[in-house]
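Here the sequence shown is numbered in my numbering, starting from 432 and rising by one per residue.
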Amino acid sequence: MADADNAFEEEEIEAATPIEEVVAAKKLLAERCKEAGIALEEITVPYEEPRLRVGMKCGRNTRWLNLWTDDNSIMRLLSIPFEKYSYLSGLEAVCSYADGTIEAAIRPLAPVIGPSSYMLRRLFGFDPQNDQFDIESAKISVPATQEGLPHIEISPASEVFTRLARPPGRKRVTLKLTGCHVSTHDTALALLNKAAGSILFQLDLLTDFPVGLEKERRHFPGARKPRRQQNQATELQYPKIQFENAPLSLYWYGRSATGMPLLQFLAFYQAIEFYFPIYSQSEAQRKLKAILKDPTFRGDRDTDIARLLAAIHISRSGAFGDERSQLRATLMECSDSDELRRFMGEDAERKEFFLNKAKALPYHKIPLANTSVDLRNDVADRIYDIRCKIVHTKADSRDGDIELLLPFTPEAEQLSFDIELVQHLAQLVLVAGSTPFNVHS
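This is the structure we're talking about:
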């Protein structure tokens, strides 16, 4: 059914509203916002049509809904009881405490090639060739099994959600909870996450079609533009060096994992980790030489033998020392402190992050402002802290338990500059570990 298919591909298109109706609508909107205690602002940008923005409640914050005066967005908002709704943090989701309803957009987690109707076919058995199929009434309904539990439904988005979601007007499929006994943002968000986690995991098991809650569309540093933008033609040199296949594959995996910060960070870290046995051995050799040259060292004394054993502790990977010291040894061999300082300061946003914003995050701080400090051990400690939070291990006996860093959280999204740093380190280590280019080897 082509019309139903197109309905999920395009935003609504309507004729422009006459100016006198826009003026009247703006006045009515201002009155309704004032009565409900909702902020309303008019934004004027040079060379653009003026717009309004409505400050809807979103937990302890405000989420702004833009309305353009040259289309029907104001009229569409006035057609719904928007005053009764608030947003849920981090998600494209709305909640009405008065009505006991929660509605959240869902989307495929795996890449989908083709029209959005693919999701409709998987969820509802939608057949574009079936003229009798009513897409608007399609739904999966899961009634509550006992009193006090919400009714669950998966179906095309309601009119209210379509008006309030961003971008407004785009057709979506939503998860709806009705009969909810919630009165605060946090309890509503917790209920939504519990219900979605259970019902969508069950859906994945039954259909092999992974679907998740759609995240709020907002700007994070991870959406930064490429650092190097060139208009001139690129000139390549004939290869002089070649790289180990395994760490290079991990590096490319990290480069391809855009939008998945934890996976991206770990891929670059593992590219560096590949070289731990090589560079930690050099460090272990230096430690052994220093111990053996000590005039007080005696081979028949147990404490001195213990010093030797501690210096050459071998991990399961064949590297020497614990993982933190292996990372430090690798960066000491493959990077230069001045070059790291230059990299961290060459981009204004990156420099500001590591100088100021990074202080609020629970990772090792890099003393970038102290120009006399060798940054390599501090950089290694920060990278290792983040790695431990991602894989949820104990760093060592000094660190104790490490709090888990979860996907799809603001903390994960704030890794962008640290990802740039570990990517740069992976590049340095790959170059340092390269060999002369040889087609016969």
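Cβ atoms here follow ideal geometry from the backbone N, Cα and C, with glycine treated the same way. Small disclaimer: the values here were computed from a predicted structure and weren't measured.
Give every residue of the same chain whose Cβ lies closer than 8 Å to the Cβ of residue i, excluding the five residues on either side of it in the sequence, and list them in chain order.
| i | result |
| --- | --- |
| Asn492 | Ser520 |
| Leu679 | Ala702 and Leu861 |
| Leu799 | Arg772, Met775, Gly776, Lys782, Phe785, Leu786 and Leu806 |
| Lys790 | Lys796 |
| Arg818 | Phe696, Leu697 and Tyr700 |
| Asp827 | At Asp827 the pLDDT is 47, less than 50, meaning the model places this residue with poor confidence; the figure from the coordinates comes in the next sentence. Taken in chain order, the residues that qualify are Asp753 and Arg755. |
Just verifying my parser: in three-state terms, what is the DSSP assignment at residue i?
| i | result |
| --- | --- |
| Gly486 | strand |
| Thr576 | coil |
| Pro678 | helix |
| Glu567 | helix |
| Arg597 | coil |
| Gln845 | coil |
| Asn787 | coil |
| Ser768 | helix |
| Pro708 | helix |
| Thr734 | helix |
| Ala541 | coil |
| Ala702 | helix |
| Ile511 | coil |
| Glu480 | coil |
| Leu835 | coil |
| Gln668 | coil |
| Ser629 | helix |
| Val804 | coil |
| Thr761 | helix |
| Pro692 | helix |
| Cys819 | helix |
| Ser614 | coil |
| Ser586 | strand |
Residues in its own chain within less than 6 Å of residue i by CB, not counting five upstream and five downstream?
| i | result |
| --- | --- |
| Gly690 | none |
| Leu835 | His823 |
| Phe651 | With a pLDDT of only 47 at Phe651, under 50, the local geometry of the prediction cannot be trusted, and no value is derived from it. |
| Glu472 | Arg484 |
| Arg597 | Arg648 |
| Tyr682 | Ala702 and Ala857 |
Could you tell me the distance, in whole angstroms, from the CA atom of residue i to the CA atom of residue j?
| i | j | result |
| --- | --- | --- |
| Ala779 | Gln668 | 30 Å |
| Met487 | Pro449 | 27 Å |
| Glu462 | Asp530 | 23 Å |
| Leu852 | Tyr528 | 44 Å |
| Lys782 | Lys788 | 10 Å |
| Leu622 | Leu608 | 9 Å |
| Ala688 | Gln695 | 5 Å |
| Tyr706 | Tyr815 | 15 Å |
| Met506 | Met550 | 30 Å |
| Gln633 | Ser572 | 14 Å |
| Arg759 | Pro670 | 30 Å |
| Glu452 | Lys458 | 10 Å |
| Glu770 | Thr840 | 32 Å |
| His855 | Gly643 | 32 Å |
Which whole-angstrom value describes the C-beta separation of residue i and residue j, a residue pair presumed to lie in contact below a C-beta threshold of 8 Å?
| i | j | result |
| --- | --- | --- |
| Ile583 | Ile630 | 6 Å |
| Val604 | Leu554 | 7 Å |
| Ala467 | Glu534 | Ala467 to Glu534, Cβ: 19 Å. No contact. |
| Lys602 | Ala588 | 7 Å |
| Leu846 | Pro692 | 5 Å |
Within 10 Å of its beta-carbon, does residue i have 16 or more other beta-carbons around it, so buried, or fewer, so exposed?
| i | result |
| --- | --- |
| Val860 | buried |
| Ile672 | exposed |
| Ile850 | buried |
Tell me whether residue i, by its Cβ, gets closer than 7 Å to a heavy atom of the ligand ZN.
| i | result |
| --- | --- |
| Gly531 | The model on display carries no ligand, and the ligand ZN is accordingly not part of it. |
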